[in-house]
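To keep things clear, I will list the structure first and then write my remarks on it.
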Amino acid sequence: MYFSCYGKYPSRGFDHSILTDSLGIELLKLRREPFGLTVLLKILHNSIDSPFQLSKINIRVPRPGLRRNNTFYVTYSKSNVMSRSTINCICNLYDGCCGRCDIYFDRLSVILACHSEQRNGM
């Protein structure tokens with residue numbers, strides 16, 4: 002990309018955020034997060050029929066009166082394989098960003114709006 006724009010290769014250690022900002026390219030992580038929340042919502046609402054993936058989601062039932070109620074319980078793992086699995090990453094993402102919305106009640110547009118507000122720091 003840099004070569005096609007400027008006719009030369011970037012120097013070593015070049016900050017690629019400058020290039021992505023100037024070209025208006027969205028980072029893969031920013032595109033992946035809303036898609037992950039969409040998949041999680043569809044698995045829980047049975048729009049995606051995947052019993053195996055549903056069995057990997059640990060739903061937390063909190064005690065009444067707790068201030069911080071995480072919706073999902075992500076187990077601690079000693080290896081990166083389980084901690085970086087898709088379901089664990091999506092559940093962590095929802096618990097970290099969507100505290101004001103309910104995945105069982107709210108529509109997908111509300112959940113994605115909560116996520117974008119959290120990501121933008123509003």
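With our numbering applied, the sequence shown corresponds to residues 2 to 123, in that order.
Heads up, the beta-carbon is just placed ideally off N, CA and C, and yes, glycines get one too.
The structure presented is a predicted model; accordingly, all values stated were derived computationally and were not measured.
- Taking C-alpha positions only, G97 is separated from Q54 by approximately 20 Å.
- Residue pairing from DSSP places F73 in a beta bridge opposite I60.
- Within the model, the alpha-carbon separation for E27 versus R120 is close to 14 Å.
- Secondary structure note for L28: it is in no alpha helix (DSSP H), with a DSSP letter that is neither H nor E.
- For H116, the secondary structure class from DSSP, reduced to helix, strand or coil, is helix.
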